[in-house]
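To start, the structure under review is shown below, and the notes come after it.
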Amino acid sequence: SRAREDEEVRAQGIVRSQKGFTLVELGITLAIAGVVAALAVPSIVGVMPRIQLSNETTTLGNEIALTRVRAISKNNEFRIIYSEADDSYTLRNHTTGINFATNTLHPNVDLYKITGLFSNDTLAARPVGDVGRVNVGTGAFEPHLGQVGAFFLQTKDGTWKRCVVVEGTGRTFAGRPDSTSSNCIEE
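Each number in my numbering corresponds to the 1-based position in the sequence shown with 70 added.
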């Protein structure tokens, strides 16, 4: 009978196989997982500034394009007012005078250069769809047929750089600066 077989097996010191893991197997598995985690964490931490830079570049380009769409759809002039001093920009309905958003770049990202526009200058999108800059001195809108401006961003340590270009037609694109950091190469 089954009970008798079990008694004989126990008497001989033989134990039937049981399901589960031994403490040694669990310990080895945890040790391997710890080694893998110790190797992976520095890689992930090292790539985070680059990811944050890419995210900020995409967000800035999208905000510029969206501002142009708002100007056309609302039949109002919209402006993006940039401040290099605190790495921020404000989105404003210039017709109504209402600011609807102020965004500050991630602390690991620096707006290090603006071309075509000046520090604390303004990018404007008019209801007819053209994009230009607003002259700081006169306040006049200055349309551009070609490149209106480029915004150069980098990680705080300067290792990674990206840029956003705005054209007079309202087209925006992200890219990387050339070796002199004076032109943006579309990617």
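For glycine and all other residues, C-beta sits at the position ideal for the given N, C-alpha and C. Owing to the predicted nature of the structure, the values given are computational and were not obtained by experimental measurement.
8 Å contact criterion, which residue i and residue j should meet: CB distance rounded
i	j	result
Asn146	Thr172	Not really, about 19 Å apart at Cβ, beyond 8 Å.
Leu136	Asp157	Incorrect: roughly 20 Å between the Cβ atoms, too far for contact.
Trp230	Leu96	About 41 Å; that fails the 8 Å criterion.
Leu193	Ile134	7 Å
One or two residues paired with residue i in a DSSP bridge
i	result
Asn125	None; Asn125 has no bridge partner.
Glu256	Gly245
Glu154	Note: Glu154 sits in no beta bridge, so no partner.
Gly219	Val236
Asp180	Gln224
Thr165	Bridge partners of Thr165: none, in fact.
Lys89	In the DSSP output, where bridge partners are listed per residue, Lys89 has none listed.
With 16 other Cβ atoms within 10 Å as the buried cut-off, status of residue i
i	result
Phe148	buried
Pro247	buried
Ile255	exposed
Val106	exposed
Gly90	exposed
Gly104	exposed
Glu126	buried
Ala110	exposed
Val94	exposed
Val179	buried
Pairwise C-alpha distance: residue j and residue i
i	j	result
Ile168	Tyr182	28 Å
Val235	Ile151	16 Å
Arg162	Ala108	47 Å
Glu237	Thr225	25 Å
Thr160	Phe170	8 Å
Ile121	Ala220	20 Å
Ser113	Ala101	19 Å
Thr128	Thr99	41 Å
Gly240	Cys233	16 Å
Thr250	Ala155	23 Å
Ser189	Val115	Low confidence applies to Ser189: its pLDDT is 42, below 50, so where it sits in the model is not reliable, and the reading given next is rough at best. Rounded to whole angstroms, Ser189 to Val115 spans 32 Å at the Cα level.
Arg138	Phe243	14 Å
Leu130	Gly228	19 Å
Asn253	Leu223	13 Å
Thr185	Ser153	13 Å
Ala195	Met118	33 Å
Arg140	His164	11 Å
Inset, instruction - Counting only runs of 4+ residues fully inside the stretch 94-144, write out the alpha helix (DSSP H) ranges in chain order. - result: none
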